[in-house]
Every structure is written in C-alpha cells, then in structure tokens.
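To start, the structure itself, in structure tokens.
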Amino acid sequence: MGQNFNITNHKTFENLYLQPIDTDPNSHPSIKPYSLKETNSIVKYDSIYNDLNIQTNSSIVGLLMNKNMVESDNGKFVLIMNPLMNVGGGMEKLDTSTNSLNEVAFGLDIKTALGKKWSGQFSFLADNSQYPEHISQLLAFQNAGQGYGFTKDGQAMYYQGNITFTPDNVFTIQAGMGKNFIGDGYRSLFLSDYANSYPYLKVTANIWKVKYMALYTNYQDIRFSNGSYNDYRQKFSTVHYLSYNATKWLNIGFFESIIWQAQEDNYYRGYEISYMNPIIFLRPVEYHQGSADNALLGGSLKIKIKKKNIIYSQLLLDEFLLAELRANKGWWGNKYGVQLGFKSYGFLGLKNLKVQGELNMVRPFTYSYFQEASSLNTLQNYGHFSSPLAHPLGA
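Numbered by my numbering, the letters in the sequence shown go through residues 175 to 569 in order.
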C-alpha cells in the first residue's frame, strides 16, 4: 500500500514502527504524524498491522479485528472502511458513594486514494461516557475532554480528516481537521496532540538532509460559548519547523510559531496574509506589522548513541533576558521551557524492551498572554478548546 495516508499517533502503533524510524539516519521522526509513503521505505505498512493481528478461530472476530470491513483497490482508486469502537467499564468508590464508570464510543474510519498523488481519510467517534469524579470536575470546568471537542454531561463528538496532495518526492500539501506533534519525546514543548483537532493547512518539503514544515492553523477559544460554534472566539497560528540531519547521529531542529486573534477589540482583524510567508523567521514580519502577537521560538537537539540509544532535548523561548536570569531575582518576564530526555531500544540487550525517561520544565506564564484587562489579546494564549497546545500541564 503506497498511498500517503497518515499513520495514527497511538502508542500501540508507535511501539511497532518507531524504532526503525527513530534510528534511521535519513528520517525526521520529530514531525508527526508520519505518512505511510515516507515510512514504507523503512518499515512496511503490512508488517505494522500484521503484528497486531489477534489469533482467533472465530470468523466474526477475525473480520472485526484483523481485516478491513470494506476494501477495494483496482490500482487507480482505493477505498477502505472500518468501524471504530471503544468500550470500557469500572467502578469508583468515593467517601460517601460508589459510582459505576463506563466509556462507550462508536464511529467510522474511511480512507481513500486516487492514483498515487491524491489521498484522503476521515474518522469520527460519538462518545457517551461516565467518567471518574476528578475527570468529571475538569470537564465541567473546561467544557472539553482530552483530545475531544465540546463535552457536556459525558457526551462528545470527535472527528478528523484530511486531503493530501503529493505532486512529487519533495513536496506534500495537506489540508484537513486534525492534530500535529513536533518533537522526539513523550511530551512536546513546541506542539503536541493533546488538544482537540483543529483546521489546518500543512506544507512539507523533504530535500537532502532537511525536512521543513509550514503549518497554518485555526484555533478556537470556547469559553462562554456553551457549545455554540457562533460564539467560539477565533484565533490563527503559523508554525514553522526545520529538521536537519547534520550527521548520522546528530539532528538539529528550529521551531517558531505565532498566534493572533481574529477579533481585536472593535476591529475584525481576520487572517494576516503576511503570516502565510512559508519562509522561517516570523519575528521580522511581526515587527513590520506593528502588532504585539504571541510569538514563540525554540530549538531541538537529538543525539544517537550506538544507534539504539537516543538523547533528545527542546529549548523554548518566549521572553528572555540573560541579565535578569543571572540576577536570579525571579523576574516574571523570563519565560522559557526546557525538555531533556533519554530513550533506549532493546535496553540491556533485551529485545522489544524500550526504556524512556523525560524531564520537562516550563517557567510560569510561558504559554499565556496578557496585554491589558479590557483587550481581547488574552486570546493569544497557547491553547485551543480550553486545552494546552503543548505540554498538558501548560504554564
């Protein structure tokens, strides 16, 4: 299967295909989700899913768990359809009561392709669940579940999809509703897949030892909306990330993003065309605009030791003055984050044993934004649907 479908970011799949991709000297695993086309030269699609097959004598179980429900491929057009199910249950004992818990979600996943240059995929889940008390309280406060959209009384609807055009072996253009992840760690200080899906346009270029991504997104602030889309407050973002394989064992990355709100007090600002500039370095554009938008800069480093051992790091900067850091007086304006991690495949010579440890430290207010109490500029915080766009704990 050579179509350019996205591979799910779920950890079950990642454990199967990440090692060969992560340790390959020519790949750029810090940009996720991976596409099937770029990973097929390293690890075959069929081998990923065959390893997940359930051994059974039941034809019904085999059909549901091991085969595509609908599959058609005539060489020019591909159609694949599968049901999605997530069912679970449990009990929660509180001080004064015992509550039953359940998670029930059903949906559909569709993948299609036309020739070798066009592909598309769409999936949705309808969820109706009873969560533990601490999660229910969080949902009531945020009105959004982890990774889901608007959530009320345990009910939520999740959907994502995209259309991908691959004109050649260098460029890929993708538009859709979904999530993206930048980094080599379990978490990311740049952009994670923790929040709800969002509309985006993504252009990637893979040339020589470099992979470059320009990502244009539309985020929403759902506070005070009660689930009504017309009351969502809109904001936009441009993200650039460059991954460079300097040697077989060293990867260097550069990250930048900028967020601005569609409504600026009594003025509808809309989308800033200047920020569609696909070339890295957004700060000069921001200064030229004369606007105080929320910009973040960052760098990443990845070192491979004997191929199967990896040290990785991220450094994120919002505002930073070295003199204030040296003064050590706790100045609030020094806003930065640091990630340092280690992972090893086949740890201690044991096949399929992966070990990973990671430390993330972010200064207060790094992802927040505040200009004045009466201004809508507070929408420029690094969040979407009441959830952080980077590390789940925010800052």
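We put the CB at the ideal spot given by N, CA and C, even for glycine. These numbers were taken from a predicted model, which means no experiment stands behind them.
Distance check for residue j and residue i, CA to CA, integer angstroms please.
| i | j | result |
| --- | --- | --- |
| Lys353 | Asn273 | 33 Å |
| Lys481 | Lys525 | 15 Å |
| Asp467 | Ser366 | 21 Å |
| Leu571 | Ala300 | Residue numbering for the chain in the displayed model covers 175 to 569; residue 571 lies beyond these limits and cannot be assessed. |
| Gly427 | Ser542 | 24 Å |
| Ile381 | Tyr372 | 28 Å |
| Tyr333 | Lys422 | 38 Å |
| Arg537 | Gln488 | 14 Å |
| Val261 | Thr391 | 32 Å |
| Met265 | Ser399 | 32 Å |
| Phe339 | Asp269 | 56 Å |
| Gly444 | Gly357 | 30 Å |
| Tyr393 | Glu493 | 23 Å |
| Lys250 | Ile432 | 40 Å |
| Pro562 | Leu312 | 14 Å |
| Ala388 | Ile447 | 14 Å |
| Tyr441 | Phe410 | 16 Å |
| Val344 | Lys385 | 9 Å |
| Lys476 | Lys376 | 24 Å |
| Leu275 | Lys326 | 16 Å |
| Gly359 | Tyr208 | 15 Å |
| Asn240 | Leu471 | 44 Å |
| Phe429 | Phe364 | 7 Å |
On the criterion of 16 or more Cβ atoms from any shown chain inside 10 Å, does residue i qualify as buried, or is it exposed?
| i | result |
| --- | --- |
| Lys267 | exposed |
| Glu307 | exposed |
| Ile181 | buried |
| Ser548 | Because the pLDDT of Ser548 is 45, which lies under 50, any placement of that residue in the model is unreliable, and the number read from its coordinates should be weighed accordingly. By the neighbour-count rule (16 or more Cβ atoms within 10 Å), Ser548 is not buried but exposed. |
| Tyr403 | exposed |
| Asn534 | buried |
| Pro341 | exposed |
| Ile254 | buried |
| Phe315 | exposed |
| Glu245 | exposed |
| Phe455 | exposed |
| Leu567 | exposed |
| Met271 | First, the residue type needs correcting, since residue 271 is Ser and not Met in the sequence shown. Per the 10 Å Cβ criterion, exposed. |
Suppose the cutoff is 7 Å on Cβ atoms and the five residues either side in sequence are ignored; what does the same chain contact list for residue i look like?
| i | result |
| --- | --- |
| Asp198 | Ile216 |
| Lys383 | Tyr418, Asn419 |
| Ile396 | Asn317, Ala318, Phe324, Tyr406, Phe559, Ser560 |
| Asp196 | Pro203, Ile484 |
| Gln193 | Tyr519 |
| Gly328 | Asn302, Ser303, Gln304, Tyr305 |
Let me know the secondary structure DSSP gives residue i once reduced to three states.
| i | result |
| --- | --- |
| Glu446 | coil |
| Pro194 | helix |
| Ile454 | coil |
| Lys211 | helix |
| Ala420 | coil |
| His308 | helix |
| Asn276 | strand |
| Leu553 | helix |
| Gln316 | helix |
| Asn240 | helix |
| Tyr403 | helix |
| Leu143 | The structure shown has nothing for residue 143, since the chain only spans 175 to 569. |
| His414 | strand |
| Lys528 | strand |
| Pro341 | coil |
| Pro373 | strand |
| Ser362 | coil |
| His558 | strand |
| Phe179 | coil |
| Gly249 | coil |
| Met387 | strand |
| Leu567 | coil |
| Tyr543 | coil |
| Gly321 | coil |
| Thr270 | coil |
| Ala300 | strand |
Nearest by alpha-carbon distance to residue i: which of the options is it?
| i | options | result |
| --- | --- | --- |
| Ser474 | Ile433, Asn392, Ala420, Leu253 | Ala420 |
| Tyr510 | Gln530, Thr540, Ser518, Glu532 | Thr540 |
| Ile205 | Ser560, Tyr415, Gly444 | Tyr415 |
| Gly323 | Asn370, Lys285, Val344 | Asn370 |
| Met331 | Ser297, Ile347, Trp434, Ser411 | Ser297 |
| Gly520 | Phe345, Val529, Lys476 | Val529 |
| Trp434 | Tyr449, His202, Lys326 | Tyr449 |
| Asn425 | Pro194, His202, Ala279 | His202 |
| Phe179 | Ser271, Thr346, Tyr368, Pro452 | Thr346 |
Quick check: does the Cβ of residue i come within less than 8 Å of any heavy atom belonging to the ligand GTP?
| i | result |
| --- | --- |
| Gln320 | Of the ligands one can find in the structure shown there are none, so the ligand GTP has no counterpart to examine. |
Once the 5 residues before and after residue i are set aside, which same chain residues still bring their CB inside 6 Å of it?
| i | result |
| --- | --- |
| Lys478 | Trp423, Ile484 |
| Thr378 | Thr346, Met387 |
Is residue i close to chain D, meaning its C-beta is less than 9 Å from at least one C-beta of that chain?
| i | result |
| --- | --- |
| Pro207 | Any reference to chain D falls outside this structure, which holds one protein chain only. |
What residues in its chain sit with their C-beta under 8 Å from that of residue i, if we drop five residues either side in the sequence?
| i | result |
| --- | --- |
| Gln295 | Phe179, Asn180, Asp283, Ile284, Lys285, Thr286, Gly335, Asn336 |
| Ser518 | Lys482, Asn483, Ile484, Lys528, Val529, Gln530 |
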